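For what it's worth, UniProt numbering labels the leading residue of the sequence shown as 1, then goes sequentially.
Cβ coordinates follow ideal geometry from the N, Cα and C atoms, glycine included.
Predicted, not measured: the structure shown is a model, and the values here were computed from it.
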Amino acid sequence: MEGPSLVILREEVRQFKGKKILEATGYAKLDYDQLVNKTVKDFKTWGKHFLVVLPKCTLRIHFLLFGTYYINERKNTNPKLSLIFSSGALHCYVCSAKIINEPLNKVYDWELDLLSPKWNFSKVKKLVLEHREALICDVILDPEIFAGAGNIIKNEALYRAGIHPESITAKIPAKKLTALIKAVHSYTKDFLKWKKQNVLSKNWKVYSRKKCATCGGNVVKKYNGKLKRRSFICSNCQHLYE
Numbered sequence: 001m002e003g004p005s006l007v008i009l010r011e012e013v014r015q016f017k018g019k020k021i022l023e024a025t026g027y028a029k030l031d032y033d034q035l036v037n038k039t040v041k042d043f044k045t046w047g048k049h050f051l052v053v054l055p056k057c058t059l060r061i062h063f064l065l066f067g068t069y070y071i072n073e074r075k076n077t078n079p080k081l082s083l084i085f086s087s088g089a090l091h092c093y094v095c096s097a098k099i100i101n102e103p104l105n106k107v108y109d110w111e112l113d114l115l116s117p118k119w120n121f122s123k124v125k126k127l128v129l130e131h132r133e134a135l136i137c138d139v140i141l142d143p144e145i146f147a148g149a150g151n152i153i154k155n156e157a158l159y160r161a162g163i164h165p166e167s168i169t170a171k172i173p174a175k176k177l178t179a180l181i182k183a184v185h186s187y188t189k190d191f192l193k194w195k196k197q198n199v200l201s202k203n204w205k206v207y208s209r210k211k212c213a214t215c216g217g218n219v220v221k222k223y224n225g226k227l228k229r230r231s232f233i234c235s236n237c238q239h240l241y242e
């Protein structure tokens, strides 16, 4: 689940802000006593982390690759974690959960979160340039550089910038690298807008497509990078820098 989807979740559960957690159940390995009868002070997101802020700790939920959530209803399978309120419930599936006892400002750098108003282009560019020998597809998926970017954002941003995912970071011209960083940021915001409008997939230019939206050429699917995640590539529109 990519960062924009968590921002939507944050908006969907704001009804529970200021409410007390009456029950916390599931098979996640947590100290549930830290959650039960505690009032939710806020909901936040950082990258792919969904944060339930409580008076003395924060519950961090990561939905991994295939996680889902249900609000005020549930699937037939047992949730990994459920938070029960007087007015409803949040049920989380296929996720990881952890309690954070440190202040969030010490745990997270908000300037790396693609949807934070504090996002810092200069800091991100400096971090990108520290990975000169890495494939650019790996750099985009590094949560310590582009917090919130997932595979859809990776593919669409690379396509916007006209860069092949197997390009070596150091070989990408400075202007193109700047354009790519800005494309990751802008596409993340577009992702959020389009998902709210239920038109996200209709706006994909290369992701999961067989033909390029620009030139009509064939789109090739490859599993590349350290994580072997899917990349969709138009060799006509995306230049390989190696």
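**Asked** Who are I153's beta bridge partners in DSSP?
**Response** Answer is none; I153 lacks a bridge partner.
**Message:** Helix, strand or coil, according to DSSP, for W46 in the structure here?
**Reply:** strand
**Prompt:** Whose C-alpha, out of I136, C237, D33, I71, is nearest the C-alpha of K171?
**Reply:** I136
**Request:** Could you check how far apart the C-beta atoms of A183 and A157 are, in whole angstroms? I think they sit under 8 angstroms.
**Result:** 4 angstroms
**Item:** Three-state secondary structure assigned by DSSP to I8
**Value:** helix
**Request:** Could you say if the region 196-212 and the region 140-149 meet the contact criterion of at least three C-beta pairs nearer than 8 angstroms?
**Result:** no
**Item:** 7 angstroms Cβ cutoff met for N155 and F232
**Value:** yes
**Request:** Quick one: residues in its chain with C-beta nearer than 8 angstroms to the C-beta of Y223, no 5 flanking neighbours on either side, listed in chain order?
**Result:** R229, R230, S231
**the region 121-136 in contact with the region 206-221 per 3-pair CB rule at 8 angstroms** = no
**Message:** Could you compute how far the alpha carbon of S82 sits from the alpha carbon of I153?
**Reply:** 29 angstroms
**Prompt:** From F16, P79, L9, pick the residue whose C-alpha is nearest to that of W46; which is it?
**Reply:** L9
**Request:** Please classify S86: does DSSP put it in a helix, a strand, or coil?
**Result:** coil
**Message:** Below 8 angstroms, how does it come out for the region 38-45 and the region 64-72: are there three or more Cβ pairs, yes or no?
**Reply:** no
**Prompt:** Going straight from the alpha carbon of K195 to that of K29, what length do you get?
**Reply:** 32 angstroms
**Message:** Strictly by DSSP, which residues pair up with Y93?
**Reply:** T68
**Alpha carbon of K125 to alpha carbon of R132, nearest angstrom** = 11 angstroms
**Request:** List the DSSP bridge partners of N105.
**Result:** Per DSSP, none; premise fails for N105.
**Asked** Would A97 pass as a contact of I61 if the rule is Cβ separation under 7 angstroms?
**Response** yes
**Request:** Would you list the one or two residues that DSSP bridges to I163?
**Result:** H239
**Request:** Could you please give me the residues that DSSP links to V220 through a beta bridge?
**Result:** I233
**Asked** Would you call T77 buried or exposed, if buried means 16 or more other Cβ atoms sit within 10 Å of its Cβ?
**Response** exposed
**Request:** Kindly list the residues whose CB is nearer than 7 angstroms to the CB of V13, restricted to its own chain and excluding five residues on each side of it in sequence; keep chain order.
**Result:** F43, I71, L90
**Request:** Classify D31 as buried or exposed, calling it buried when 16 or more other Cβ atoms lie within 10 Å of its own Cβ.
**Result:** exposed
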